[in-house]
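Chemist:
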Amino acid sequence: MISTRWIGTFLLGALALGCGKSGEEENPNTAANYQQGQPGPGGQAPPPGQQQPGAQPGPAGYPAASAQPAPGPGGQPGAPPAAGAQPAAGQPMAPLGAIMANPAGLQGIIAGALSGGAAAVGALSGGELGMMEAGIKMQAGIQAKGMTAEGQLMSAKLQQGAHAEGHFTMQPGVCYTIIGFGLPGVFDYQINLITDPPMPPQVLAQSAVGGVNPVVGANEACIRNPFPLPMSVKVDMNLLRGTGMVGAQVYKK
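Take a look at the structure:
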């Protein structure tokens with residue numbers, strides 16, 4: 372009787388022990404059954420982009436490439452235009468000589484020059500030619516020392532307020548002076564140097580007003596092409612007061 376009870380008690384204890392081990396092996400709430408980023412026992416998964424508490428950070432990611440300004444002509448982002456570079460389309464260039472008029476006056480000069488006719492080249496003859504050449508050469512000896520004439524004499528017969536234009540090409544490394552002269556009947560004559568297309572219209576230099584012998588870029592103040600390539604420009608002859616024949620001659624050195 373005693374042995375039977377002892378055997379029964381032993382069997383019940385062994386059965387209980389076996390059930391306890393089975394429960395431990397099948398319990399899913401052990402640390403071994405959790406992967407990084409999944410909630411632990413009684414915990415919640417961290418929000419996306421955050422690490423599980425106690426986890427080691429992984430390798431840092433590479434930051435997204437930030438936008439950089441487009442390289443300028445100098446080759447570096449945001450660099451100013453290189454020296455001697457032509458301005459972008461629609462952008463004004465620096466004046467090449469003295470500017471006498473205010474902005475409103477410059478716009479009026481440009482409008483008049485665009486509506487003016489072409490100056491005659493080498494068309495003067497006889498007495499008119501002699502007077503014009505003599506007046507210009509006399510001024511050249513004073514205002515264009517050491518220079519030689521470039522191209523032919525430009526001339527036009529104008530009414531008061533009218534414009535006439537001639538053209539020449541400024542070469543790199545050359546210095547230019549423009550000398551004008553007005554025949555009898557002319558009382559106030561001005562010369563304006565203006566850009567040629569494809570550059571936007573702009574007055575680059577002017578002579579003083581109040582006389583009949585205008586000069587642009589006298590002697591050491593001569594005007595230079597700032598670019599490494601030839602640049603075509605317009606010589607605008609504007610008769611401010613009077614009526615008569617005006618002329619202009621380009622000199623260089």
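Our numbering applies: residue 372 is where the sequence shown begins, and numbers increase by one.
Beta carbons: idealized from backbone N, C-alpha and C, even for Gly.
A quick note: this is a predicted structure, and the numbers were derived from the prediction, not measured.
1. Determine the DSSP secondary structure at Leu467, reduced to helix, strand or coil.
2. What do you get for Glu536, buried or exposed, if any count of 16 or more other CB atoms within 10 angstroms of its CB means buried?
3. Can you have a look at Val492 and say buried or exposed, based on whether 16 or more other CB atoms are within 10 angstroms of its CB?
4. Flag this pair as yes or no: are the beta carbons of Ala619 and Ser526 separated by less than 9 Å?
5. When burial is assigned at 16 or more other CB atoms within 10 Å of the CB, is Met509 buried or exposed?
6. Counting only the same chain and skipping the five closest in sequence on each side, list residues whose C-beta sits under 7 Å from that of Asn584.
7. How many Å lie between Gly588 and Leu467 at the Cα?
8. In this structure, what does DSSP give as the bridge partners for Phe552?
9. On the CB-based measure, 16 or more other CB atoms within 10 Å of its CB, does Ile513 come out buried or exposed?
10. Going by the beta-carbon positions, is the gap between Val586 and Ile562 smaller than 9 Å?
11. Taking the alpha-carbon positions, what's the Gly581 to Gly479 distance?
12. For the alpha helix (DSSP H) holding Gln510, just list the boundary residues, first then last.
13. Where Pro555 and Gly497 are concerned, what is the direct C-alpha to C-alpha distance, given to the nearest angstrom?
14. As a quick exercise: from Gln523, Leu575 and Tyr560, pick the residue whose alpha carbon is nearest that of Gly613.
15. Below 7 Å CB to CB, which residues in the same chain sit around Ala482 once its five sequence neighbours on both sides are set aside?
Modeler: In short, the structure shows the following:
1. Position 96 of the sequence shown holds residue 467. Reduced to three states, the DSSP call for Leu467 is coil.
2. Locating residue 536 in the sequence shown gives position 165, counting from the first residue. Buried: at least 16 other Cβ atoms inside 10 Å.
3. The residue you call residue 492 lines up with position 121 of the sequence shown. Burial call: exposed.
4. To locate residue 619, count along the sequence shown from 1; it is residue 248. To locate residue 526, count along the sequence shown from 1; it is residue 155. Against a cut-off of 9 Å, the Cβ pair of Ser526 and Ala619 comes out as a contact.
5. On the sequence shown, position 138 is the one that residue 509 refers to. Exposed, by the Cβ-count rule.
6. Stepping through the sequence shown from its first residue, residue 584 is reached at position 213. So the qualifying residues of the chain are Gly506, Gln510, Gly551 and Phe552.
7. Locating residue 588 in the sequence shown gives position 217, counting from the first residue. Locating residue 467 in the sequence shown gives position 96, counting from the first residue. Approximately 9 Å between the Cα atoms of the pair.
8. On the sequence shown, position 181 is the one that residue 552 refers to. Answer by DSSP bridge pairing, in chain order: Gly618.
9. Locating residue 513 in the sequence shown gives position 142, where the first residue counts as 1. That one is exposed.
10. As a first step, residue 586 is located in the sequence shown; it is residue number 215 there, counting from the start. As a first step, residue 562 is located in the sequence shown; it is residue number 191 there, counting from the start. Cβ distance < 9 Å, so Val586 and Ile562 count as in contact.
11. Position 210 of the sequence shown, counting from 1, holds the residue named residue 581. Position 108 of the sequence shown, counting from 1, holds the residue named residue 479. For Gly581 and Gly479, the distance between alpha carbons rounds to 18 Å.
12. As a position in the sequence shown, residue 510 is number 139, starting the count at 1. Element bounds for Gln510: Gly497 to Gln514.
13. Residue mapping note: residue 555 aligns to position 184 of the sequence shown, counting from 1. Residue mapping note: residue 497 aligns to position 126 of the sequence shown, counting from 1. Using only the alpha carbons, I get a separation of about 15 Å.
14. Counted from its first residue, the sequence shown places residue 613 at position 242. Of the listed residues, the one whose Cα sits closest to Gly613 is Tyr560.
15. Taking the sequence shown and counting its residues from 1, one reaches residue 482 at position 111. Here the set comprises nothing.
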